[in-house]
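Participant: If you use numbering that gives the first Met the number 0, the first sequence corresponds to residues 0 to 319, in order.
Backbone N, C-alpha and C fix where the C-beta goes; we use that ideal spot for every residue, glycine too.
Would you mind keeping the following structure in view while I ask a few things?
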Amino acid sequence: MISKVSIDGCRDSIMILMTFDNPLLVVLTGPTASGKTRTGIHLASHFHSEILSADSRQFFHEMKIGTAFPVPHELACVKHHFIGHLSIHDSYNISRFETDAIQLLERLFQHRRVVFLVGGSGLYINAVCHGIDFLPDPNPVMRIELKLRLEQHGIATLQEELQKTDPEYAAMVDMANPARLIRALEICHTTGVPYSSLRLNNPKERPFRILKIGITHPREVLNERINNRVDQMIDAGLVEEARQLYPYRHLNALNTVGYKELFDHFDGAYPLAMAIEKIKTHSRRYAKRQMTWFTKDAEMVWFLPSETERMISLIEKSMC
RNA sequence: GGCGUCGUAGCUCAGAUGGUAGAGCAGAGGACUGAAAAUCCUUGUGUCACUGGUUCAAUUCCAGUCGAUGCCA
């Protein structure tokens with residue numbers, strides 16, 4: 000059952016890891032407020048395992064209430080990773096998450112046959128499952144410059160430049176999306192080669208198998224759960240949490256449903272009750288986008304959150 | 001009670017000096033490679049409050065009714 004596996008790519012010495020044959024990563028995902036945290040803890044305790052979070056906003060320890068952190072007794076049940084391990088002031092990106100998660104998984108799989116990746120950030124889940132292309136980190140000043148150009152001269156200037164520097168990507172990208180254009184141009188500028196030439200899109204081989212479990216509810220039920228959870232967050236002190244983070248509202252981590260609406264409320268844009276309604280509405284839309292992403296994934300096996308016994312038997316079967 | 005203003009898409013509101021109407025938001029669907037709880041795309045027929053009148057033609061003008069709202073009493 001236990002074998003020795005050498006990992007390529009270590010410079011100084013060949014690293015020997017003890018690992019189970021064919022360990023299993025169970026991805027547990029679904030839209031916001033579907034019950035991932037609870038179900039994840041149930042499953043992970045059943046298998047005496049640990050949880051990696053794949054939630055790009057629960058990384059930040061300052062954002063406990065608004066991102067629905069697992070509560071202390073939940074965290075005590077099962078060992079969690081990547082929950083509150085960063086500050087909103089840290090710079091972090093999906094590439095670093097991929098590296099951190101893969102390194103951790105290699106360690107965990109030395110003595111575990113199954114580990115859980117729980118969260119709703121589809122892109123981050125993909126990075127763990129299939130990897131993303133290696134790209135150098137761009138100079139942060141470059142993004143600021145490109146943003147400034149966008150503000151001053153409009154999107155056309157970025158579209159024209161991308162058309163010239165990387166016509167292949169220009170032909171496939173959503174040219175109306177400033178974020179995509181800025182990203183592509185900053186890569187072109189940093190590397191001196193077209194972005195499209197670096198987008199190899201080769202799925203990486205992983206030393207583990209993957210089972211993807213999606214949980215969701217009928218839309219009306221999910222909407223109801225979202226509404227209730229937002230009310231609970233408010234009761235739990237979200238307004239105060241947001242008020243303390245208000246000075247840092249420009250940080251990317253705080254461009255997040257639940258915070259940005261309250262920041263606007265603090266600015267006097269609308270009363271608190273309206274901010275709360277907007278948080279609910281924006282959470283519903285977020286859930287919709289998540290579902291668009293997840294339902295496209297043919298590997299996803301869908302369950303209601305109540306069907307934990309069926310999930311357990313599927314996981315057991317997959318472990319064989 | 002008197003005088004005004006308003007009544008148009010689920011919501012907030014544009015609009016045509018008469019030829020049956022359009023934005024934002026919501027809703028629905030979609031995209032997605034270091035911003036991803038982010039960013040972006042597609043999608044708008046509704047008794048234009050009701051009843052009459054004028055007119056070839058009224059949601060638009062006129063009158064009345066109902067409702068909302070403001071001021072005066």
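Alpha carbons only, please: which of 102, 305, 254, 135 is nearest the one belonging to residue 80?
Facilitator: Here the closest residue by C-alpha is 102.
Participant: Does the distance from the C-beta atom of residue 218 to that of residue 32 stay below 8 Å?
Facilitator: no
Participant: Could you spell out the range, first to last residue, of the beta strand (DSSP E) harbouring residue 39?
Facilitator: First-last for residue 39: 35 to 45, but that is the alpha helix (DSSP H), not the beta strand (DSSP E).
Participant: Looking at the structure shown, is residue 131 part of a helix, part of a strand, or coil, going by DSSP?
Facilitator: coil
Participant: Taking only three categories from DSSP, how would you classify residue 98?
Facilitator: helix
Participant: Taking only the alpha-carbon atoms, compute the straight-line gap between residue 205 and residue 238 and give it to the nearest angstrom.
Facilitator: 42 Å
Participant: Are the region 139 to 156 and the region 48 to 57 in contact at 8 Å, needing three or more beta carbon pairs?
Facilitator: no
Participant: Just the Cα atoms here: how many angstroms apart are residue 245 and residue 63?
Facilitator: Per the coordinates, the alpha-carbon of residue 245 lies some 15 Å from the alpha-carbon of residue 63.
Participant: How about residue 124 and residue 116: do their beta carbons lie closer than 8 Å?
Facilitator: Taking a C-beta distance under 8 Å as the contact criterion, residue 124 and residue 116 qualify as a contact pair.
Participant: How would you label residue 359, buried or exposed, when you count the other beta carbons within 10 angstroms and need 16 or more for buried?
Facilitator: Because the chain in this structure spans residues 0 to 319, residue 359 falls outside the shown range and cannot be described.
Participant: Count the other CB atoms within 10 Å of the CB of residue 100; is the residue buried (16 or more) or exposed (fewer)?
Facilitator: The residue is buried, with at least 16 neighbouring Cβ atoms inside 10 Å.
Participant: Going by the CB atoms, is the gap between residue 200 and residue 132 shorter than 8 Å?
Facilitator: yes
Participant: Indicate whether the contact test is met: 3 or more Cβ pairs, each with one atom in the region 228 to 238 and one in the region 33 to 42, closer than 8 Å.
Facilitator: Too few Cβ pairs lie closer than 8 Å, so no.
Participant: On the three-pair Cβ rule with 8 Å, is the region 20 to 30 touching the region 289 to 298?
Facilitator: yes
Participant: Our contact map puts residue 67 next to residue 228 with C-beta atoms below 8 Å; I'd like the distance itself, whole angstroms only.
Facilitator: 7 Å
Participant: Starting from residue 52, trace the beta strand (DSSP E) both ways and give me its first and last residue.
Facilitator: 50 to 52
Participant: For the beta strand (DSSP E) that residue 28 lies in, which residues bound it at each end?
Facilitator: 23 to 28
Participant: Could you check which residue in 265, 202, 203, 120 has the C-alpha nearest to that of residue 292?
Facilitator: Residue 292 has its Cα closest to that of 120, out of 265, 202, 203, 120.
Participant: Starting from the C-beta of residue 130, find all residues in its chain whose C-beta is less than 7 Å away, skip the five residues before and the five after it, and write them out in chain order.
Facilitator: 97, 202, 203
Participant: Leaving out the 5 sequence neighbours to the left and right, which residues in its chain are closer than 8 Å to residue 113 when beta-carbon positions are compared?
Facilitator: 22, 23, 24, 25, 46, 48, 314, 318
Participant: Excluding the 5 residues flanking residue 220 on each side, which residues of the same chain have their C-beta closer than 7 Å to its C-beta?
Facilitator: none
Participant: On the three-state DSSP scale, how would you describe residue 184?
Facilitator: Assigned with DSSP and collapsed to three states, residue 184 falls in helix.
Participant: Would you please state the rounded distance, in angstroms, between the beta carbons of residue 250 and residue 93? I believe it to be under 8 Å.
Facilitator: Actually they are not in contact, since the Cβ atoms of residue 250 and residue 93 sit about 17 Å apart, beyond 8 Å.
Participant: Grouping DSSP H, G and I as helix and E and B as strand, with all else coil, what is residue 288?
Facilitator: helix
Participant: Taking the runs of the alpha helix (DSSP H) that are 4 residues or longer, which of them lie wholly in the region 156 to 234?
Facilitator: 166 to 171, 177 to 190, 194 to 197, 218 to 234
Participant: Exposed or buried, residue 171, counting other C-beta atoms within 10 Å across all chains shown (16 or more means buried)?
Facilitator: Within a 10 Å sphere around the beta-carbon of residue 171 sit fewer than 16 other beta-carbons, which makes this residue exposed.
Participant: Which runs of the alpha helix (DSSP H) spanning at least 4 residues fall entirely within the region 242 to 317, listed in chain order?
Facilitator: 259 to 265, 271 to 294
Participant: Quick one: Cα of residue 260 to Cα of residue 236, how far?
Facilitator: 15 Å
Participant: To the nearest angstrom, how far is the alpha carbon of residue 264 from that of residue 270?
Facilitator: When rounded, the separation of the alpha-carbon atoms in residue 264 and residue 270 is 6 Å.
Participant: Rounded to the nearest angstrom, how far is the Cβ of residue 34 from that of residue 311, given a contact under 8 Å?
Facilitator: Residue 34 to residue 311, Cβ: 15 Å. No contact.
Participant: Which class does residue 238 belong to by DSSP, given the choice of helix, strand or coil?
Facilitator: helix
Participant: Between which residues of its own chain and residue 304 is the CB-CB distance below 6 Å, once the five residues before and five after are set aside?
Facilitator: 34, 38, 214
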